[in-house]
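Shown next, in structure tokens, is the structure this report addresses.
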């Protein structure tokens, strides 16, 4: 069923509102943006994979394709327009969410209720906080939810329709979800959740086989389309296609035999795992570094468990608020995705798609329970009001609009064609590299990924490059990390010429310290 003009207008207004909202917020100054979201595309376009080293810590080796569109927009359009487009794209989540709600609900004023669910889904705590940022979790959710929406809205055809059409739709939906995984590996739990939803659609063996076979092909194509080239480049560069991640298995000599991923939040033990959705609903710090307050995922989790128990004990409602054949793939997707995410990442930002989907999951769970219609409506009113009341977004620091997007005057360098800049410390500084003369290599000799005495081949190669370099050496660092900077440079046989240091700031952050270096006699890198 197509959408009426009023529905198109409603969703278009949400998209436009998202664009305006981001413009009003201003430019993203987040740690990740300053670290690699701006540097990655620059390095890719200027072939700096081996020219620079670990400028953005381990993120220097992330797939840059996800960052390229905004980098191109922000370098060629006014800042307000580039940000407005980003906000509009992030608001596209409203389309699949609305279509799934409209297709699932069984009540009077279905479109009005679907619209309310959509607005509630688009105003989650972290959903709002991520607007205008380049974390892109709320861009990848557009892909994930679009793939899921195909399964939910076309569930009858996929379960019992012509095999050719069922296979084609399954393959298309899987290609969309696979593309998200290819662009950003943390989306992989949703691929497994999507597979669970695909199976949960039911149907005879022929339909199951057609859907699964086509989805496998489509998913692989989506992943290879957006990640295949980069994985090949990383394998050629390091011997690890996911470098440096999972290097405990690939054992590239360039890095340590370490996973190199953030595992701080992963709960241990079955009890903590089962309670994790409740834990992060009460205390955001157990699942993310970005502050938020939102109980909707935890409420959806509890409602889903309660609905399952009620269905087993008493059966479903005689006149459910939602279509049962829609509820099954929705909860298969959400449940499997959630527990795979807990096992692998447990970083809340990565499941922003579930935060967006949560209001529909809550309505679905309560709508299936064997309760009187009036009781269902009252229960939903109380739960959703509690969700709204408890939701609180914490917006990251923004700066006013202005062009160019990254603006500062780099320190003067007398011989840029015969200079090298060494980065030290943990501070994100990759975003400044494109504003320096492109002939200058940037080597991060110390940081999250590399340390002067870590024993890796990448560090050994850096030491050799620094030792053999005959030009001018400089260091760029955060003044608050002077002790760490001093120690790292000493390990490389270098000393800061303090009298010639320069301080400067950018339109996003600062101050930074830029100093020429001299070699310590008799000491080599």
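Residue numbers (the numbering used here): 1 to 525. The beta carbon of each residue, even a glycine, is placed where N, CA and C say it ideally should be.
My guess is that residue 254 and residue 458 are in contact by the Cβ rule of under 8 Å, so how many angstroms apart are they, rounded? As a position in the chain shown, residue 254 is number 254, starting the count at 1. As a position in the chain shown, residue 458 is number 458, starting the count at 1. Confirmed, Cβ separation roughly 4 Å.
Cα separation between residue 307 and residue 270? Position 307 of the chain shown, counted from the start, is the residue given in the question as residue 307. Position 270 of the chain shown, counted from the start, is the residue given in the question as residue 270. Annotation: residue 307 to residue 270 spans about 22 Å, alpha carbon to alpha carbon.
Return the CA-CA distance between residue 214 and residue 353, expressed in angstroms with no decimal places. Mapped onto the chain shown, residue 214 falls at position 214. Mapped onto the chain shown, residue 353 falls at position 353. Going by the C-alpha atoms only, they are around 24 Å apart.
Note down, one range per segment and in chain order, each alpha helix (DSSP H) of at least 4 residues found wholly within the region 264 to 323. 270 to 282 and 296 to 314
Taking the beta carbon of residue 505 as the centre, do at least 16 other beta carbons fall within 10 Å, making it buried, or is it exposed? Here residue 505 refers to the residue found at position 505 of the chain shown. Exposed.
From residue 468 to residue 420, what does the alpha carbon distance come to, in whole angstroms? The residue given as residue 468 occupies position 468 in the chain shown. The residue given as residue 420 occupies position 420 in the chain shown. Roughly 12 Å between the two C-alpha positions.
Could you tell me whether the region 117 to 130 touches the region 431 to 449, where touching means 3 or more Cβ pairs closer than 8 Å? The region 117 to 130 makes no contact with the region 431 to 449; the number of CB pairs closer than 8 Å stays below 3.
On the DSSP letters alone, give me the boundaries of the beta strand (DSSP E) that residue 477 sits inside. For this step, residue 477 is matched to residue 477 along the chain shown. For residue 477, the enclosing beta strand (DSSP E) begins and ends at 472 to 477.
Please determine, among 159, 234 and 223, the residue with the shortest C-alpha to C-alpha distance to residue 197. The residue given as residue 197 occupies position 197 in the chain shown. That would be 159, whose Cα lies nearest to the Cα of residue 197.
Closer than 8 Å is the cut-off here; do at least three beta carbon pairs connect the region 386 to 401 with the region 28 to 36? yes
Who are the Cβ neighbours of residue 174 in its own chain at under 6 Å, not counting the five residues just before and after it? Residue numbering aside, residue 174 sits at position 174 when the chain shown is read from its first letter. The answer, listed in chain order, is 215, 218 and 219.
Determine the closest residue to residue 417 out of 472, 19, 152 and 37, with distance taken between C-alpha atoms. Residue 417 sits at position 417 when you count from the first residue of the chain shown. Of the candidates 472, 19, 152 and 37, the one whose C-alpha sits nearest the C-alpha of residue 417 is 472.
Along the chain, where does the alpha helix (DSSP H) containing residue 5 start, and where does it finish? Position 5 of the chain shown holds residue 5. Run containing residue 5: 5 to 25, per the alpha helix (DSSP H) assignment.
In the DSSP assignment, what are the bridge partners of residue 501? The sequence position of residue 501 within the chain shown is 501, counting from 1. Paired residue(s): none; residue 501 is not in a bridge.
Short Cβ contact (8 Å threshold) for residue 263 with residue 61: Position 263 of the chain shown holds residue 263. Position 61 of the chain shown holds residue 61. Result no, Cβ atoms of residue 263 and residue 61 do not sit closer than 8 Å.
In chain order, what residues of the same chain have a beta carbon less than 6 Å from the beta carbon of residue 64, not counting five sequence neighbours either side? Stepping through the chain shown from its first residue, residue 64 is reached at position 64. Taken in chain order, the residues that qualify are 40, 41 and 44.
Between residue 301 and chain B, is any beta-carbon pair separated by less than 8 Å? In summary, chain B is missing from the structure at hand, where a single protein chain is found.
Runs of alpha helix (DSSP H) wholly within the region 186 to 274 (minimum 4 residues, chain order): 188 to 200, 205 to 223, 229 to 238 and 247 to 250
Closer than 8 Å is the cut-off here; do at least three beta carbon pairs connect the region 316 to 329 with the region 169 to 188? no
Output needed for residue 222: all residues of its chain with C-beta closer than 8 Å, excluding positions within five of it in sequence on either side, in chain order. Here the question's residue 222 lines up with position 222 in the chain shown. For residue 222, where only same-chain residues beyond five positions count, the Cβ hits under 8 Å are 174, 175, 176, 177, 178, 179, 180, 181 and 182.
Assigned secondary structure, residue 558 (DSSP; H/G/I helix, E/B strand, else coil): Only positions 1 to 525 of the chain appear in this structure, which leaves residue 558 out of reach.
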